[in-house]
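First the structure, in the form of structure tokens, and then the observations on it.
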Amino acid sequence: MRKTQAGKSTKILSICFALAAIGISGCKKKPFLFTAVDSSHSHICFENTIEETPQKNVIEYEYYYNGGGVAAADFNNDGLCDLYFTGNASENKLYLNRGHLTFQDVTDSAGMKGRPEWKTGVTVADVNGDGWLDVYVSYSGPVKKEQLYDELYINKGCPKGGIPVFVERAKEYGLDAPFTFSTQSAFFDFDRDGDLDMFQCNHGYKYISPFYNTNKVRNQRHPQFGNRLYRNDGGHFTEISDSAGIHGGGLNFGLSVCISDLNNDGWPDIYVTNDFEEQDFLYLNTGKNSFRDVTKKSTGHLSRFSMGSDIADFNNDLLQDILVVDMLPETLERQKLLKGPDEYDKYTLMADSGFQYQNMRNTLQLNQGNTKDGVPLFSEIGQLAGIYNTDWSWSPLFADLDNDGYKDIFITNGFLRDFTNLDFLKYTYQEAAEKAHQNNKTLPVYDLIKKMPSTQLAHFAFRNNRDFTFTNATQAWGLDRKMISSGAVYADLDNDGDLELITNNTNEKATIWENHTSELLKNNFIKVRLTGKGKNIFAIGAKVFVNTATSQQVQELSPTRGFQSSVDFVLNFGLGKESKGVSVKVIWPDGTVSVRKNVSVDTLIEMNQSVGHVEVDPGQPEKPLLFEDCTVQSGISFRHQENDVVDFKKEPLLPYQISKSGPFLSKGDVNGDNLEDFYLGGSAGYAGELFIQQPDHTFVIAQSQPFDADKACEDMGSVFFDADGDHDLDLYVVSGGNQFETGAGELTDRLYINDGRGHFTKAGPGVIPKEYSSGSCVTTADYDRDGDLDLFVGGKILPGNFPLPGYGGILRNDTDRKTGKLKFTVATADVNPDLKSPGMITDALWADLNNDSWPDLIMTGEWMSVKIFINHQGKLEELHDSTLSNTSGLWSKILAGDFDHDGDTDLVIGNAGLNGQWKPTPSEPMTLYAMDFDDNGSIDPVICTRLRGKDFPIASLDEIADKIPSVRKKFIHYKDYSTTSIDNIFSASQIKKAGKWKLQNLQTCYFENEGNGRFTVHPLPLEAQFSKVNGILSEDYDHDGNKDILVTGNFFDYRVQNGRADASFGLLLTGDGKGNFKPVEGLRSGLYARGNIRDMIGLDTGKLIVIAKNNDSLQVIKVVKFKHVPETRVYR
2 MRKTQAGKST
12 KILSICFALA
22 AIGISGCKKK
32 PFLFTAVDSS
42 HSHICFENTI
52 EETPQKNVIE
62 YEYYYNGGGV
72 AAADFNNDGL
82 CDLYFTGNAS
92 ENKLYLNRGH
102 LTFQDVTDSA
112 GMKGRPEWKT
122 GVTVADVNGD
132 GWLDVYVSYS
142 GPVKKEQLYD
152 ELYINKGCPK
162 GGIPVFVERA
172 KEYGLDAPFT
182 FSTQSAFFDF
192 DRDGDLDMFQ
202 CNHGYKYISP
212 FYNTNKVRNQ
222 RHPQFGNRLY
232 RNDGGHFTEI
242 SDSAGIHGGG
252 LNFGLSVCIS
262 DLNNDGWPDI
272 YVTNDFEEQD
282 FLYLNTGKNS
292 FRDVTKKSTG
302 HLSRFSMGSD
312 IADFNNDLLQ
322 DILVVDMLPE
332 TLERQKLLKG
342 PDEYDKYTLM
352 ADSGFQYQNM
362 RNTLQLNQGN
372 TKDGVPLFSE
382 IGQLAGIYNT
392 DWSWSPLFAD
402 LDNDGYKDIF
412 ITNGFLRDFT
422 NLDFLKYTYQ
432 EAAEKAHQNN
442 KTLPVYDLIK
452 KMPSTQLAHF
462 AFRNNRDFTF
472 TNATQAWGLD
482 RKMISSGAVY
492 ADLDNDGDLE
502 LITNNTNEKA
512 TIWENHTSEL
522 LKNNFIKVRL
532 TGKGKNIFAI
542 GAKVFVNTAT
552 SQQVQELSPT
562 RGFQSSVDFV
572 LNFGLGKESK
582 GVSVKVIWPD
592 GTVSVRKNVS
602 VDTLIEMNQS
612 VGHVEVDPGQ
622 PEKPLLFEDC
632 TVQSGISFRH
642 QENDVVDFKK
652 EPLLPYQISK
662 SGPFLSKGDV
672 NGDNLEDFYL
682 GGSAGYAGEL
692 FIQQPDHTFV
702 IAQSQPFDAD
712 KACEDMGSVF
722 FDADGDHDLD
732 LYVVSGGNQF
742 ETGAGELTDR
752 LYINDGRGHF
762 TKAGPGVIPK
772 EYSSGSCVTT
782 ADYDRDGDLD
792 LFVGGKILPG
802 NFPLPGYGGI
812 LRNDTDRKTG
822 KLKFTVATAD
832 VNPDLKSPGM
842 ITDALWADLN
852 NDSWPDLIMT
862 GEWMSVKIFI
872 NHQGKLEELH
882 DSTLSNTSGL
892 WSKILAGDFD
902 HDGDTDLVIG
912 NAGLNGQWKP
922 TPSEPMTLYA
932 MDFDDNGSID
942 PVICTRLRGK
952 DFPIASLDEI
962 ADKIPSVRKK
972 FIHYKDYSTT
982 SIDNIFSASQ
992 IKKAGKWKLQ
1002 NLQTCYFENE
1012 GNGRFTVHPL
1022 PLEAQFSKVN
1032 GILSEDYDHD
1042 GNKDILVTGN
1052 FFDYRVQNGR
1062 ADASFGLLLT
1072 GDGKGNFKPV
1082 EGLRSGLYAR
1092 GNIRDMIGLD
1102 TGKLIVIAKN
1112 NDSLQVIKVV
1122 KFKHVPETRV
1132 YR
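Residue numbers (my numbering): 2 to 1133.
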């Protein structure tokens, strides 16, 4: 163990220069965390120069602008980290670190300049296990086939601090990989036999249609394009890709690979990214010389054009998370300029063809633990985290840049030309192509390339907020210089305990960004250097844990990270202000363990596998779980089937599909056996089903029921209640959907009368009003206290006319008590006329909010605020609370209960969550303008986001012009439309006339009842905002006497650009009885409820939980240790 003080004096000098450079006098302004080291000081003059010629350009080779890589490692074993850069057509460069951030170019002496052909990625590893780090260089590009082979430079060593000499030995080792288009490789001991094997990431050179002979193209190994796995057989490598289960089809466009033990079983797994149609792959190591593809089991969706990747534990839960970057622009303006319309048909065709769902944006896959068979599950939260749109991105890196103990994110980006500029593609290119065709000439490709726009952008640096979110710190940290960068690494180049950033730039000298954390923030750190056994001297694959009194961290030693690059082998751990009680534990690649306790901070810790206390890691003891899946034991094998209606075909500007709202559940003991049964609504074309609970808590489908006769209807909400006063439960079912015209017979609600034994008969004509509106929900209470149960039916939508709301209202029970003649009467006008069409209602319930014994009505909906109607002896009056008026959201579900033990009824209401691209606030709401803008007889919904005080449509020019053709006449070019607000697209009279709906809040919230008609809105913890919440239950699940909350949800049916909301696996929030809630991880609770969940009910006072999913099977969960807390009186 030794102090790392080298570079302190020059660091102080650098701070002075940094202050002077930004004009700071007297420390009035905070200096930047990073400053670029001038090449005159560092002597690093490497530049990846890209020259475009008629023969070599981005049209001839689509990856012409992808750039080069960089490696950070100590090549001469002097304790200083050196740098190696790869140039595409430029010579590679090796720079030895001479201290104080100065370097010596020793490329020629070391024999490391590489061939003149196209170099791509660089990987560092001690391939032969001699204690000296070797270098593997990948080759690709627009060259002859015989020029395609990789290089392995074996380090022959040198005196300490001297110049190492390298000898190229790829073919001798079996790693030259002839004829492959190679991007990057990773060395790791996949079979745990003590030596290093290699995974090679390759890419295609020509585009092959993914929809023609898909299975053959994907599964038949391509000799040049397919990824490869090489096993180290005593110093010579053997390719075993097929037998090991590695895909290698012709659609492969591999751009990065990361190695990590993703399921914590001790065996290294593989994550490889793919550009274009082919999906990324997550290969789980079987421990039997093979891998299994678990991508679809582990993830809900992936990036679409995946580039660089990194794997690390960013939230310090000791589980490895995955970061993949894509090319979605940061600003709405550039999105409209560079990104075309939604491709719903292609998106669904790809999924139907076997590809995982993919969306064009960065993805951050949060590791949520394993299934029972060891498959890791991931929630994709990149949009919630705030890191999803960083333009054309290359190298993502997790690294603790400010040494506060949490890993931040650094992302390089840039493309030499805006290759996807829509104005260029649609006009410049198209006009040239037509002109060439007319004149029978060859298309002047090179001249066109020179006309492509070029935009330089800054890197992105995100500071970890320690709550799953990140703050863009690019400018605050001084990293906002515009350039085009690809490969990047982090390394402590000056041994002062903080991490420098090094980037390989295109047509510009490489950059070293000096980190001033050690002086400016004075956070503590420790660095760890490992020495392993056998042929894996540098201990690739080891896990290092650093614990303090208040924190825990883990890092894996796996140098291949980001894009085409390799990071240093010394691991850096920031500690913040922690200084005592620091321990270091290493789990070596063979599973043995070394521990060092009470280590000093601000030091380099050297751990040797052959020295010190070594033990086998026993793993963590299993803890009892609260929930257990019992779907199989329940006997339920029913699967909901959705019809094939696609709302976007009829209404192209819809933000999400409305016709896929169900299925919904209702419960009740229909046959008097004291066991709760349930009804599951059916989609149009499929009948609803009644499930009868048996004494052994299994379920059977009730036979000979009348529901099949009404299967043409789209079932929405339903409720069991005693409609006729005969002390059994009848069933009311709301009809809805977006596929029927208003007035269609399929939109009529239904009432089914129970004979007391669970046999139902449809009520005859005249019992309920014959309304023909698309509804959503129904809730029951004796609102007028006349001794029978009345109904509120919520209207959802005027079909085909989003966002115009449908019709509903109050159905008063006017059953004749003497004759028993059933009759429900529309009483909306008497109770409150505003209840007829208060909005696009999604849920409603009755609850006594003011403790006056009269049931009040709460309702929620989409593009509307939460509404409460107070019952004044049978008349309902809306509660005008300023807090409620600012809650306009995409509300979905209501739960009522007294969560703070103050004797009144509070509310928990589900919303869309924060894991999406929409970020409205009360001060900057999103606005939906709707009217028939083009006078063609249909409503045109135009959704806008607020920027700089104006509303800008989120729809692309192609999308809005497809629905409103007049827009195309006004805006010929995409650039003009991209900067135009709605008031310059439509006339002032149109804007004034249009209906307007707001979005202000998308968080699922706890509404605390303060009494006197006042509510305080508290967002639930961020874990509850991962996805849309459609199901909410409450019980005392942890047996502490306080009500807890269980939420489930997701929604797969947004537009393609928004993508699937699939990050929720269900969440338990334990209450403290004071209105505060704490999330419990699925690993601890045992709750895993995945899928497109629409509803959830608790049966037998909550002992069983039934979950309904759209186009999927029902799920049943058992509460293992159950304690029921009586509910606040809620009327359903």
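Ideal Cβ placement from N, Cα and C applies to all residues, glycine included.
Spatial distance of residue i from residue j (CA atoms)
i: residue 22; j: residue 472; result: Its pLDDT being 46, under 50, residue 22 is placed unreliably by the model, and the measurement read from it follows with that caveat. Cα-Cα distance, rounded: 25 Å.
i: residue 1; j: residue 1007; result: Only positions 2 to 1133 of the chain appear in the structure, and residue 1 is not among them; the question remains open.
i: residue 28; j: residue 309; result: Bear in mind that the predicted position of residue 28 carries a pLDDT of just 46, short of 50, making it too unreliable to give a figure here.
i: residue 7; j: residue 1061; result: For residue 7, the predicted structure reports a pLDDT of 43, less than 50, and the residue's modelled location is therefore unreliable. A value from the coordinates is still provided. Going from the Cα of residue 7 to the Cα of residue 1061 covers about 50 Å.
i: residue 858; j: residue 253; result: 56 Å
i: residue 305; j: residue 598; result: 45 Å
i: residue 1012; j: residue 746; result: 44 Å
i: residue 44; j: residue 86; result: 14 Å
i: residue 147; j: residue 127; result: 28 Å
i: residue 657; j: residue 799; result: 15 Å
i: residue 943; j: residue 735; result: 29 Å
i: residue 1110; j: residue 639; result: 11 Å
i: residue 182; j: residue 223; result: 11 Å
CA nearest to the CA of residue i, picked from the options
i: residue 315; options: 394, 465 and 499; result: 465
i: residue 110; options: 102, 238, 609 and 94; result: 94
i: residue 590; options: 584, 600 and 558; result: 558
i: residue 868; options: 840, 915, 853 and 876; result: 840
i: residue 1084; options: 364, 625, 297 and 72; result: 625
i: residue 1032; options: 721, 1120, 346 and 1095; result: 1095
i: residue 856; options: 847, 862 and 864; result: 847
i: residue 572; options: 427, 399 and 582; result: 399
i: residue 375; options: 270, 412, 136 and 744; result: 270
i: residue 666; options: 679, 1022 and 675; result: 679
i: residue 689; options: 569, 732 and 538; result: 732
i: residue 406; options: 983, 303 and 525; result: 525
Boundaries (first-last residue) of the beta strand (DSSP E) holding residue i
i: residue 430; result: Run containing residue 430: none in the beta strand (DSSP E); it sits in the alpha helix (DSSP H), 430-439.
i: residue 257; result: 255-261
i: residue 462; result: 461-465
i: residue 999; result: 996-1000
Buried versus exposed call for residue i [16 or more other C-beta atoms within 10 Å across all chains shown]
i: residue 1027; result: buried
i: residue 488; result: buried
i: residue 26; result: Because the pLDDT at residue 26 is just 42, under 50, the model does not fix this residue reliably, and the value given afterwards should be weighed accordingly. Exposed, since its Cβ has fewer than 16 Cβ neighbours within 10 Å.
i: residue 881; result: exposed
i: residue 758; result: exposed
i: residue 989; result: exposed
i: residue 162; result: exposed
i: residue 810; result: buried
i: residue 232; result: buried
i: residue 460; result: buried
i: residue 628; result: buried
Boundaries (first-last residue) of the alpha helix (DSSP H) holding residue i
i: residue 1097; result: Counting along the chain, residue 1097 falls outside any alpha helix (DSSP H), though it belongs to the beta strand (DSSP E) covering 1094-1100.
i: residue 648; result: 648-651
i: residue 345; result: 345-353
i: residue 633; result: 632-635
i: residue 1151; result: In the structure as shown, the chain begins at 2 and stops at 1133. Residue 1151 is therefore absent and cannot be evaluated.
i: residue 979; result: 975-979
CB contact below 8 Å: residue i versus chain D
i: residue 749; result: Here there is only one protein chain, and chain D is not present.
Cβ-heavy atom distance, residue i to the ligand FMN, below 7 Å
i: residue 234; result: This structure simply doesn't include the ligand FMN, nor any ligand for that matter.
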